[in-house]
Amino acid sequence: MSAVRIHIYLCDLVGRTSIVKSSLLMLLVLMLMRQNCHAVLDERSIRSARSPERYCFTTSCIKASRYLRMPMNLTADPCEDFYEYSCGLWSELIPVKEGYAAMLSSYTPLDKIRVLLKQFLIKLSNEKTANDSIGLLKLVYDACMDEDAIEKAGSKPLFNLLDRLFGKTLRLKVFLQNNHLQDNGKVPIEYLVAKLWTAFSVSTLVSLDVSPDQNNASISMLLLGKASPALRFSSFSQSIRNEYSKTMKKTFAALSDSEHPNNDTTNSIDEIVEEVLDFEISLAQISTATGEERDQANRYHKITIEQLQATGNKFNWTVFLQFIKPVEHVNIMELGYFRRLNSLLDKTRNYTVYRYLAWRLISHLERRYADLTAINGVTKRKERLQFCIGYLINTFGVIVGKVLAREINVDNDTKIYVEQMVTELKSAFMVRLRENTWMDEATKEKAGKKIAQTILTISHPDEINNVDEIYASLIEKRDGYVDTAIMPGDSFFEMDTKIQAWFVQNAVNLIDKPSSRRVISSPIDSTVAAVNFGAIGSLIGHEITHAVDDVGAEHDGTGNLKNWWTNSSKEMFNERINCFIEQYSNFCYPELGESVCVNGENTMGENIADNGGIKQSFAAYKAFTRGKPQDVLLAMENFTMDQLFFLSYANYKCANYNKEFLRHIIATDGHAPNRNRVIGTLRNSDEFAKAFNCPVGSAMNPEKKCVICSKTCSHFLRVDVLCTYASHFCVISILYFLAAGEQRISAISLGPMDVPVKNLGEVSTPVEDYNALALKAVPKVLYFWRNADCNQYQSITLQNTGPKRLAIKARSTTKLRFKADVTYRFLDPGCTTKVRILRLPGTNNAPGEDSTDRISFYYAPTDSMEEHAFSALQNEVTFKREVVKIKYRSGDGDS
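With mature numbering (1 follows the signal peptide of the UniProt record, and there is no 0) as the guide, the letters of the sequence shown map in order to residues -39 to -1, 1 to 856.
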């Protein structure tokens, strides 16, 4: 059986296909961490003469300290707004560059890729162009950078291209005259849609990709998805629409003048622009996320071409696929989109669609006229070098990966370090899985097997050095930038299928979609584990969490479409996600307009992965560093290691967006803006609140937290053997937790009612279901609040017959089995029809009599448990039952 693989890649880029994107491997994080491991293994951290702490003076540590400290706003309160505290100066210090829509701290790795690629290409500039994939990369780069040749050629190459694609009757000069085009002699729309994608990477009416067959992940299939209009969503501000319209008019006018300089086509252009813009806005509306994407039955649905054609007759899918690759079956991403597309085409005139397709091609190729940067709020387009480097990364990602693999020397020590990190992260996940209170045992077992099947792939596949055979049919010289740039498209499906073959059969990521392989990279390199786990570990943990969320649940360990959740686990999961949806939907941006808020439903999957990822990473970091001395960063010595972990997590998400791009993210992205990802995740973290001593009720430590599962879910009693009296029972669970090295009784809970008489085996009784309140330093008596008809407040008096302190050692990191002899005295027979005390069979005590029961249960340690002041309620307590005596014996015989 094939195993799921974790592929840690270099950068999450927008490219011609997801497979090409996924070929850019995670060399960069290894490059960044290379200094870490060298520092750990080769350079000795220096112990300061002024302090017993271990100060780290390596280059990587100094750099990490600078990255962390630079954007911090120490005047902010970390318990009120941790993003402002950790990233408050980012926007001021790192303004949005010209040609950019945003500046993010995560751009740093991508910038390093650009620098490496630029240096490599400059080095090749004086060399003879080789007849291989590297030569192809250099050829396109040289053509792209040759602005003199581009200007000299003018628009002639573009007109020739339009003639070849659209035919003489659809030449630009024809539809600029606004004539109603005749059907005779026209090129099929289906051909143009296919060609614009395969040759130019322009997604117009439909996007294409290569994905595994969901029933047999070893087979690649064609995946059809929604369009990606340049005007990507319908709620752009009017000013942006005006800029977009102005750009279209400017482009058409410039091209018209170059063809017929003496003709006045202003009125025709205005009409054309209006109709094309209306169509693109409608296309953006039907392409907007609907929530169906998380339903794998819609997102990956294998159907025949006949079934696809049944969505409507306005687009001939058989003809379309003839220009891609004739197939019998395709995978469909959100079938509802294709029905909406058919309805839109049904009410749109054909020549409007032709004009839209021509506009998308022109705007893609003719950067001199069609400058679309304004739609993201960008005031100036990118410099030529920046543009060309980006084009190479997006279009020739596999070859770029080969270059970076050659240029970056990843040593074995670095790989070992990353492997150790992932091992700890997987272990932390397995611990949380075992402690999960809502997932039944059958689902837990399958989740554990899936995680166990994951295989870590670091760096790059060896086959990346053999990409020439993939590009063999493409390595030929064409004259001019346009011809050179469009050449790769002719063999789209065959090329991507070969690339797919690089990734061993079923080599899919944790949510089993090659298109979603993630980049694990960080601008921070440091010997300090807290920094690495905060930035990098949380990202890896994010992806691990996806393995068993509602999307990952629909793929088994081999990548095949198979739901392995039981119905009960699915129902329990759905009950918990509403908290996340509500929490994130309350993140709003009034400065962008009324009701501009994060869509908690569309971002739900990523929000849950963020929350799960940081919990795993924190637990993994604690395990990774247990018993090891930790280096201290200069200028950060006033922060604890736990605080550095969370500062590193937030630092990686420091961001500065312009308003229009922020609006775009909120409307279309499956991720919340980075500010909300930081605040939302840490508000739900007990570990964060403890690290920064945030009081309960503060903005960053609300009383209500959203949790799918964590250690705080595990406030329950695990009972080995239960015997019941009649058809009702009540389990008295006494939970002990380790906090700051002290044992403390934290809660007492009553178990579920109306359970049939039987040996129940191991049972978990959640405390939170009964509103248990944990008390601090209350001797002898603990109070339990239960909303019941017969009695609201109850108390149990505890009396140790052995030593004052239980012999549960702090070294216990796994569950410790011990026994308890519990003696109950019934003070009042009230409520006995509703509540019965767990007892040994055959006992029938009257009020005032004692009964001694023996229970076997487990001690489940945790770091902390939320505490509440409860003294005001003590005088209102009505005593119903009293525990006279509790004797404890651990498995080692300790009392």
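We put the beta carbon where it would ideally sit given N, CA and C, even for glycine. Remember, predicted model here, so these are calculated numbers, not experimental data.
Q | Straight-line gap, residue 876 to L100 (C-alpha atoms, nearest Å) | A | Look at the range of the chain in this structure, -39 to 856, and you will see that residue 876 is not part of it.
Q | When L394, G273, A616 are compared against A63, the one with the closest alpha-carbon | A | Closest by alpha carbon: A616.
Q | Where P39 falls, given that 16 or more other Cβ within 10 Å makes a residue buried | A | When all chains shown are included, P39 counts as buried.
Q.
Rounded to the nearest angstrom, what separates R644 and E112 at their Cα positions?
A. Across the structure, R644 and E112 are spaced so that their CA atoms are roughly 55 Å apart.
Q: Kindly confirm or deny that the segment 174 to 191 and the segment 348 to 360 touch, where touching means at least three C-beta pairs closer than 8 Å.
A: Note that the segment 174 to 191 does not touch the segment 348 to 360; fewer than 3 beta-carbon pairs, one per stretch, sit closer than 8 Å.
Q | Cβ separation of V234 and S206, assumed to be a contact under 8 Å, to the nearest whole Å | A | Contact between V234 and S206 holds, since their C-beta atoms are separated by about 6 Å, short of 8 Å.
Q: Tell me whether K666 sits in a helix, a strand or coil according to DSSP, three-state version.
A: Note: K666 maps to coil in three-state DSSP.
Q) Quick check: the segment 641 to 657 against the segment 588 to 597, are there 3 or more CB pairs under 8 Å? A) Judged by pairs of C-beta atoms under 8 Å, the segment 641 to 657 does not touch the segment 588 to 597, as fewer than three such pairs exist.
Q: Enumerate in chain order the residues of its own chain whose CB-to-CB distance from L78 is below 8 Å, with the five nearest sequence positions on each side excluded.
A: I350, L353, I354, V361, V364, L365.
Q. When DSSP builds the beta bridges, which residues end up paired with P173?
A. S181.
Q) At which residue ranges does the segment 493 to 538 contain complete alpha helix (DSSP H) runs of 4 or more residues, listed in the order of the chain? A) Listed in chain order, they are 499 to 507.
Q | Where the beta strand (DSSP E) containing H290 begins and where it ends | A | H290 -> beta strand (DSSP E) spans 290 to 293.
Q: Could you tell me whether the Cβ atoms of F213 and Y317 are closer together than 8 Å?
A: Not a contact, by the Cβ cut-off of 8 Å.
**Q.** Exposure of S556, with buried meaning 16 or more beta-carbon neighbours within 10 Å
**A.** Classified as exposed, S556 has fewer than 16 neighbouring CB atoms from the shown chains inside 10 Å of its CB.
Q. For I569, which residues of its own chain have a beta-carbon under 8 Å away from its beta-carbon, when the five flanking residues on both sides are left out?
A. Contacts found: T506, D510, I538, F541, I669.
**Q.** DSSP state of C540 mapped onto helix, strand, coil
**A.** Helix at C540.
**Q.** Rounded straight-line distance, which links the Cα of M182 to that of D429
**A.** D429 and M182 have their C-alpha atoms roughly 23 Å apart.
Q) Three or more C-beta pairs closer than 8 Å, one from the segment 574 to 581 and one from the segment 492 to 506: is that the case here? A) When Cβ pairs closer than 8 Å are counted between the two stretches, the segment 574 to 581 is seen to touch the segment 492 to 506, the count reaching three or more.
Q | When E59, M33, Y102, S248 are compared against E53, the one with the closest alpha-carbon | A | Comparing C-alpha distances from E53 to each of E59, M33, Y102, S248 shows the shortest one belongs to M33.
Q | Through-space distance from V237 to A271, alpha-carbon basis | A | A271 and V237 have their C-alpha atoms spaced approximately 27 Å apart.
Q | Environment of L605 [buried if 16+ CB atoms lie within 10 Å] | A | Burial is judged here by how many other beta carbons sit within 10 angstroms of a residue's own beta carbon; L605 has at least 16 and is buried.
Q) Going by C-alpha distance, which of D401, S94, E232, D630 is nearest T356? A) Selected option, being the one with the closest Cα: S94.
Q. Measuring CB to CB, does A25 end up less than 8 Å from V492?
A. In this structure, V492 lies closer than 8 Å to A25 by Cβ.
Q: Name the residue from V288, E204, M106, E232 whose alpha carbon lies nearest to the alpha carbon of V171.
A: For V171, the nearest C-alpha among the options comes from V288.
Q: With DSSP as the reference, label R624 as helix, strand or coil.
A: DSSP places R624 in helix when its eight states are reduced to three.
Q: Drop a sphere of 10 angstroms on the beta-carbon of P634, count the other beta-carbons inside from all chains shown, and report buried for 16 or more, exposed for fewer.
A: Label assigned to P634: buried.
(Q) Can you give me the C-alpha to C-alpha distance between G566 and M661, rounded to a whole angstrom? (A) Straight-line spacing of the CA atoms in G566 and M661 works out to 22 Å.
Q: State the DSSP-derived secondary structure class of R587, mapped to helix, strand or coil.
A: It is coil, neither helix nor strand.
**Q.** 3 or more residues per run - each beta strand (DSSP E) lying fully within the segment 16 to 67
**A.** Annotation: the segment 16 to 67 contains the following complete segments of the beta strand (DSSP E) (minimum length 3 residues), in chain order: 63 to 65.
Q: Please classify N92: does DSSP put it in a helix, a strand, or coil?
A: Note: N92 maps to coil in three-state DSSP.
Q: Confirm, please, whether the CB-CB distance from Y44 to R636 is below 8 Å.
A: Against a cut-off of 8 Å, the Cβ pair of Y44 and R636 comes out as a contact.
Q.
Which residue wins for smallest C-alpha separation from residue 859, given the options A408, V154, E295, K58?
A. Absent from the structure is residue 859, since the part of the chain shown begins at -39 and ends at 856.
Q. What distance in whole Å lies between the Cβ atoms of L29 and residue 857, which are believed to be in contact at a cut-off of 8 Å?
A. With the chain covering only -39 through 856, there is no way to say anything about residue 857.
Q) For V314, does the count of other Cβ atoms within 10 angstroms reach 16, so buried, or fall short, so exposed? A) Residue environment: V314 is assigned as buried (16 or more neighbouring CB atoms within 10 Å of its CB, all protein chains considered).
Q: Have a look at the DSSP bridge pairing and note the partners of A616.
A: Answer is L65.
Q: With DSSP as the reference, please indicate the residues paired to S206 in a beta bridge.
A: DSSP output for S206 lists no bridge partner at all.
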